[in-house]
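**Q** Quick one: structure below, then a few questions.
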Amino acid sequence: MFDIDFSSKRAKIALRFFTYGVMTISTIVISVVLIFFALGYRLDRNLNFTQGGLVQFRSFPEGAEVTVNDRKQNFKTPGKINLAAGQHTASMALEGYRPWSKAFTLEPGQLVWLNYARFIPNTVVTSNVRNFSTIVASLVSPDRHWLWLQTKADVPEFMLADISNEKDPKFTAFELPETAITKKDGHYGTFEIIEWDLKSQYVLIKHHYGDMNEFLRVDRSKPAEAINITRVFGLNISEAHFSGSNANIVFVNTDGILRRFDIGNTSASGALVNEVKQFVVYGDNSIAFTGLQASPDNPALKQQIVGVHRGDKITTIRTLPTDKQVVFAYSEYDDHDYLAIGTADSSKIEVIRDPRADGAEDTNTVFAQFDLGATPQWLSFSNNGRMLVAQRNNAFATYDLEEARAYQFTLDFGANITTKLRWLDDFYLWSDAAGKLRIVEFYGKNDREITSVQPGFGVTLSVNGKRLFSVSKAADGQFSLQTSRLTLQD
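Using the working numbering, the first residue of the sequence shown is number 38, and each one after it goes up by one.
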């Protein structure tokens, strides 16, 4: 046996070093364990150290009970849980509402957000807000505060609904000034609402008379000061779209030439792109388009291109035969630009990320490709740019840019879907097929019938998401702006 004098100075120093060493090692071990725990590592039943992931739950309304893999959790939404990697099923339930569920895959170290569940009451109460003898079109503003209603097709009479207070909408009727509109043989032609600007202040109106078109920019707060863009610039405009943040800037197609009009100083650019067929604007100066150009191998022959114009540069993304039908969509997500392209002879959709503005077509490689199972009629990005939906009638495919995952599904709404589904928010689409307003999540599940509607009109959530505005038509031919309550408590 060792005879150690623990009261000696040497023993005390040794003991102190030993204690500090144990404490240091313990701190390191605990820190490592906590780091691995935060990264989702757990001991499984076989005592193997495996990495799981984190799932975040949120719902509207909140306070829903959460069940994962048939086990009820000890929290209500919002909440979170660590799970082992693999296949899982989650469901949420809230008294008085239809249940929500989803099957999902959790990868090691992954964070999954199930934060988009929208509960719909078991019984949806729909009531009329205002009746109209007729409505021919409606368009919702980007901020969901305004609803522009067109009450006649051949007279410039409109109704602006302020729906910022969903319980007490306000209506203002107005007629565009006769001096701002061209008549043929003393008569108006037909009017069409084109789009709102992103700040929800101005609207573009198209007036078709005889074989001519003219475009007007209308300020919702000063409709009497409507500006006839066609008359101001003296050019024949076939298509027009606002720039992203400046309603004084409008991009137009004038006889196949893409131009930039500045309404503020009445200046028009030269040709940005020649022989344009169609185009879409994203942001202030990014434009995706289809058009024609001379073949580099034989200048006498034309070829179709899908391209991007940004700043002063044109990028050719794809070259195609002139008779091939093309659909495309353009958006931004997580600081990247995305261009989606589909053609009439393929069910595959190509997604190009950050199209190069250097004219080098071969540098614009495919970032992602997914299959619709049918040739696409429409492509559309969600409001936040994360989801891309391809559609042909009732056949759909969604590509999630964040999770790099595709979903393919068919919607059975009891009718053939002949129009493009629209985005209700960042995760839900809506359809008015067969006169029934239905919403469905981006991957084709949790579809809900809301109410009866007149097809072809705008649908929008209220600002607080508690009500849904739509248009209906009664048996006597009378139209109504109606609201459906999506929560049991206002």
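C-beta atoms are modelled at their ideal positions from N, C-alpha and C, and glycine is treated no differently.
Could you check the C-alpha separation between Phe228 and Phe279 for me, to the nearest Å?
**A** Residue mapping note: residue 228 aligns to position 191 of the sequence shown, counting from 1. Residue mapping note: residue 279 aligns to position 242 of the sequence shown, counting from 1. Spanning the two alpha carbons is a distance of roughly 18 Å.
**Q** Decide if Thr497 is buried, meaning its Cβ has at least 16 other Cβ atoms within 10 Å, or exposed.
**A** Numbered from 1 along the sequence shown, position 460 holds the residue referred to as residue 497. Buried, because 16 or more other Cβ atoms sit within 10 Å of the Cβ of Thr497.
**Q** Assuming Glu99 and Ala130 make a contact with CB atoms under 8 Å, what is their CB distance in whole Å?
**A** Counting from one through the sequence shown, the residue named residue 99 turns up at place 62. Counting from one through the sequence shown, the residue named residue 130 turns up at place 93. Actually they do not touch by this definition, with Cβ atoms about 13 Å apart.
**Q** Among the residues of its own chain, which have a CB less than 8 Å from the CB of Gly396, if the five just before and after it don't count?
**A** Translated into the one-based positions of the sequence shown, residue 396 becomes position 359. Below a pLDDT of 50, predicted positions are generally treated as unreliable, and Gly396, at 46, falls in that range; the measurement from the model is reported next regardless. Same-chain partners within the cutoff: Lys350, Ile351, Thr352, Thr353.
**Q** In the structure shown, what three-state DSSP assignment does Thr359 receive?
**A** Start at 1 with the first residue of the sequence shown, and residue 359 comes out as number 322. Thr359: coil per DSSP, three-state reduction.
**Q** Under 8 Å by Cβ, that's how I've got Ile266 and Phe316 pegged, so tell me the actual separation to the nearest angstrom.
**A** One-based indexing of the sequence shown puts residue 266 at position 229. One-based indexing of the sequence shown puts residue 316 at position 279. Contact flag wrong, Cβ pair sits at about 16 Å.
**Q** Rank Asp527, Phe506, Tyr444, Ala121 by C-alpha distance to the C-alpha of Leu176 and give the top, closest one.
**A** On the sequence shown, residue 176 is found 139 positions in, with the first residue counted as 1. Out of Asp527, Phe506, Tyr444, Ala121, Phe506 has the C-alpha closest to the C-alpha of Leu176.
**Q** Does the stretch 513-523 come within contact of the stretch 216-224, defined as at least 3 CB pairs closer than 8 Å?
**A** no
**Q** Rounded to whole angstroms, what's the CA-CA distance from Pro333 to Ser237? Just pull it up for me.
**A** Within the sequence shown, the letter at position 296 stands for residue 333. Within the sequence shown, the letter at position 200 stands for residue 237. Straight-line Cα distance between these residues: approximately 43 Å.
**Q** Do Leu253 and Ala263 have their CB atoms nearer than 8 Å?
**A** As a first step, residue 253 must be located in the sequence shown, where it is residue number 216. As a first step, residue 263 must be located in the sequence shown, where it is residue number 226. Yes, Cβ-Cβ distance for Leu253 and Ala263 is below 8 Å.
**Q** Output yes or no for whether 8 Å exceeds the beta carbon distance between Leu409 and Ile386.
**A** The residue given as residue 409 occupies position 372 in the sequence shown. The residue given as residue 386 occupies position 349 in the sequence shown. Contact flag set, yes.
**Q** Using CA coordinates, which residue listed in Thr171, Asn483, Thr380, Glu439 is at the minimum distance from Thr359?
**A** Along the sequence shown, read from residue 1 onward, the residue named residue 359 stands at position 322. Proximity to Thr359 across Thr171, Asn483, Thr380, Glu439 peaks at Thr380, based on C-alpha coordinates.
**Q** Could you tell me whether the stretch 171-188 touches the stretch 478-496, where touching means 3 or more Cβ pairs closer than 8 Å?
**A** With contact defined as three or more Cβ pairs closer than 8 Å, the stretch 171-188 and the stretch 478-496 are in contact.
**Q** Note down, in chain order, each residue of its chain lying with its Cβ closer than 7 Å to the Cβ of Asn273, except the 5 sequence neighbours on either side.
**A** Your numbering for residue 273 matches position 236 in the sequence shown. Thr291, Asp292, listed in sequence order.
**Q** According to DSSP, Met196 sits in a beta bridge with which residue or residues?
**A** Counted from its first residue, the sequence shown places residue 196 at position 159. According to DSSP, which records beta bridges pairwise, Met196 is partnered with Leu186, Ala210.
**Q** Look up Phe288 in the DSSP assignment and say whether it is helix, strand or coil.
**A** As a working mapping, residue 288 is identified with position 251 in the sequence shown. Correct three-state label for Phe288: strand.
**Q** Residues in the same chain with beta-carbon distance under 8 Å from Lys259, minus the five sequence neighbours each way, listed in chain order, please.
**A** Counted from its first residue, the sequence shown places residue 259 at position 222. No residues qualify anywhere along the chain.
**Q** Given a threshold of 16 other Cβ atoms within 10 Å of its Cβ, counted over all protein chains shown, does Ser138 qualify as buried or as exposed?
**A** Start at 1 with the first residue of the sequence shown, and residue 138 comes out as number 101. Exposed, since its Cβ has fewer than 16 Cβ neighbours within 10 Å.
**Q** May I have a chain-ordered list of the beta strand (DSSP E) segments no shorter than 3 residues that lie completely inside the stretch 107-190?
**A** 108-113, 116-120, 123-130, 137-143, 148-155, 163-169, 174-177, 183-187
**Q** Between which two residues does the alpha helix (DSSP H) carrying Phe270 extend?
**A** Position 233 of the sequence shown, counted from the first residue, corresponds to residue 270. That run of the alpha helix (DSSP H) goes 266-270.
**Q** Would you say the stretch 366-373 touches the stretch 416-426, given that touching needs at least three Cβ pairs under 8 Å?
**A** Verdict: yes, contact present.
**Q** Output needed for Asp527: all residues of its chain with C-beta closer than 6 Å, excluding positions within five of it in sequence on either side, in chain order.
**A** Taking the first residue of the sequence shown as position 1, residue 527 is located at position 490. Closer than 6 Å at Cβ, skipping near neighbours: no residue.
**Q** Any heavy atom of the ligand ATP closer than 7 Å to the beta-carbon of Thr456?
**A** Only the bare structure without any ligand can be found here, which leaves the ligand ATP out of the picture.
**Q** Going by beta-carbon coordinates alone, are Leu197 and Thr188 separated by less than 8 Å?
**A** Locating residue 197 in the sequence shown gives position 160, where the first residue counts as 1. Locating residue 188 in the sequence shown gives position 151, where the first residue counts as 1. In terms of Cβ geometry, Leu197 and Thr188 do not form a close pair [threshold 8 Å].
**Q** Can you tell me whether DSSP reads Glu215 as helix, strand or coil?
**A** Counting from 1 along the sequence shown, the entry for residue 215 is found at position 178. Three-state result, Glu215: helix.
**Q** Between Gly309 and the rest of its own chain, which residues show a CB-CB distance below 7 Å, the 5 nearest in sequence each way excluded?
**A** Taking the sequence shown and counting its residues from 1, the one referred to as residue 309 is at position 272. In the sequence on display, residue 309 carries Leu and not Gly. Leu295, Arg296, Arg297, His346, listed in sequence order.
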